[in-house]
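**Q** Structure below; questions to follow.
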Amino acid sequence: MPSVIGFGLIFGFTGGTLSDLPLYVVSSMSYIIFAGSAQFLVLILIIEGEPLISLIVAGVLINMRHLLYGANLNNVVRAKGLKKLLMAYLLTDEAFLITSLTKKTLDEKPNSYDYYNLDDVLIGSGFTLWFMWNVSTIIGYIIAKNVNELLIFEPNFILSATFLGYLIIHWRENPEERAFILMLSLISFLLAFLIQSSDLIITVLLFGIVYSVSLTYIFDHRKEKQKLLNIRRD
């Protein structure tokens, strides 16, 4: 929850300082799109004056992970029709994590599903995150419009520093991905001198998708191979 509030404040602050967009436009991105990373990306591309097609392609690419989330939860949730559409709308990284951890806990307790509905877990956590994200977006925008002249640093520095801090945390907690982070950072740095921002973002996103899919395939192949070896030993 703290991270959701923090990034919501930063998103609203970014919209209030780096663009001339009114509050209702910036806040509408939070309650219509409701996809943190995609919102940041689309907002930056709008500020850069990129064409609509770039916004759509970049937004779709960065949210493709939700296809995996949906596939993972499809056999878990019971909802149908409009309720299932609502769950798809509220599905975020955090809501998926909460629902998955709840399912893992329930799997360890016999008959626990008789008392627990994972549909309610997803909707409850998703709506809470949605509410806090929207409120913090509005607060961040209002703060930006009132303290912009008092800022010591440029607003774009604050945005960059925030994501850099997130990257450092990810670096520390996932040592197995450090080689990929270094490689992607180097590629992004070199390409920044050759292509414009929207093309750079799309290129990096595609590279990340290909890498993730390849890595998943390799790990799954290794697991299947290990299972076969264990069966043969037994």
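Residue 232 is where the sequence shown starts when you use my numbering, and the numbers rise one by one after that. In this text, a Cβ means the ideal position worked out from N, Cα and C, and glycines have one as well.
(1) Suppose the cutoff is 7 Å on Cβ atoms and the five residues either side in sequence are ignored; what does the same chain contact list for Trp402 look like?
(2) Mapping the DSSP letters down to three states, classify Ala375 as helix, strand or coil.
(3) Can the beta-carbon of Gly290 be found less than 7 Å from the beta-carbon of Tyr372?
(4) On the three-pair Cβ rule with 8 Å, is the segment 302-319 touching the segment 260-277?
(5) Taking 8 Å as the cut-off, does the segment 346-361 touch the segment 310-322 (at least 3 CB pairs, one atom from each stretch)?
(6) Can you name, in chain order, every residue of its own chain whose Cβ lies under 6 Å from the Cβ of Val235, other than the five neighbours on each side?
(7) Can you tell me whether Asn365 is helix, strand or coil according to DSSP?
(8) What first and last residue would you give for the alpha helix (DSSP H) that runs through Ala319?
(9) What does a CB cutoff of less than 8 Å around Gln374 pick up in its chain, not counting 5 residues either side in sequence?
(10) With a CB to CB cut of under 6 Å and the five nearest residues on each side skipped, what residues in its chain are close to Asp350?
(11) Express the C-alpha separation of Ser285 and Gly237 in angstroms, rounding to a whole number.
(12) Which residues in the same chain have their Cβ closer than 7 Å to the Cβ of Tyr300, if we skip the five residues on either side of it in sequence?
(13) Does the beta-carbon distance from Ser261 to Thr333 come in below 7 Å?
(14) Report back the beta-carbon spacing between Thr434 and Leu422 to the nearest angstrom; my notes put them in contact at under 8 Å.
(15) Between which residues of its own chain and Leu358 is the CB-CB distance below 7 Å, once the five residues before and five after are set aside?
(16) Counting C-beta neighbours from all protein chains within 10 Å, is the total for Ile263 16 or more, i.e. buried, or is it exposed?
**A** So, from the data block:
(1) Arg409, Ile412
(2) helix
(3) no
(4) no
(5) yes
(6) Leu360, Met363, Trp364
(7) helix
(8) 312-321
(9) According to the sequence as given, residue 374 is Ile; it is not Gln. Hits under 8 Å: Leu240, Gly243, Phe244, Gly247.
(10) Val308, Arg309, Ala310
(11) 27 Å
(12) Leu322, Phe327
(13) no
(14) 6 Å
(15) It is worth fixing the name first, because residue 358 is Phe in this sequence and not Leu. Correct list, in chain order: Leu321.
(16) exposed
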